[in-house]
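First the structure, in the form of structure tokens, and then the observations on it.
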Amino acid sequence: MAKKADIKIKKSNAGKFTAWAKKNMPNKSVCSAASAVMKRKSKYNPSVVKMANFAKNFGCSK
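Numbering (my numbering), first residue to last: 1080 to 1141.
Right under this line is the structure:
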């Protein structure tokens, strides 16, 4: 697994999933929103699924 220092994200994409989660799932945290998206992938746009997957893998890991 890559270290967090090795992960590069474009500045234009930073915060996109957080903003999406706050708008579309206001009562959930970003990590729980990512989990909800990953459980029902067919319900969401593929770009949202990709952002949620990235959040689960690198932002929500404990």
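Ideal Cβ positions, reconstructed from N, Cα and C, are used throughout, including at glycine.
In the DSSP assignment, C1110 falls within the unbroken alpha helix (DSSP H) covering 1109-1118.
Residue environment analysis places F1096 among the buried positions, since at least 16 neighbouring C-beta atoms fall within 10 angstroms of its C-beta.
Annotation: S1140 is outside any alpha helix (DSSP H) and is labelled neither H nor E by DSSP.
Closest option to V1128, judged by alpha-carbon separation, among A1113, I1086, N1106, F1137: A1113. Going by DSSP, M1130 is part of the alpha helix (DSSP H) stretching over 1125-1133.
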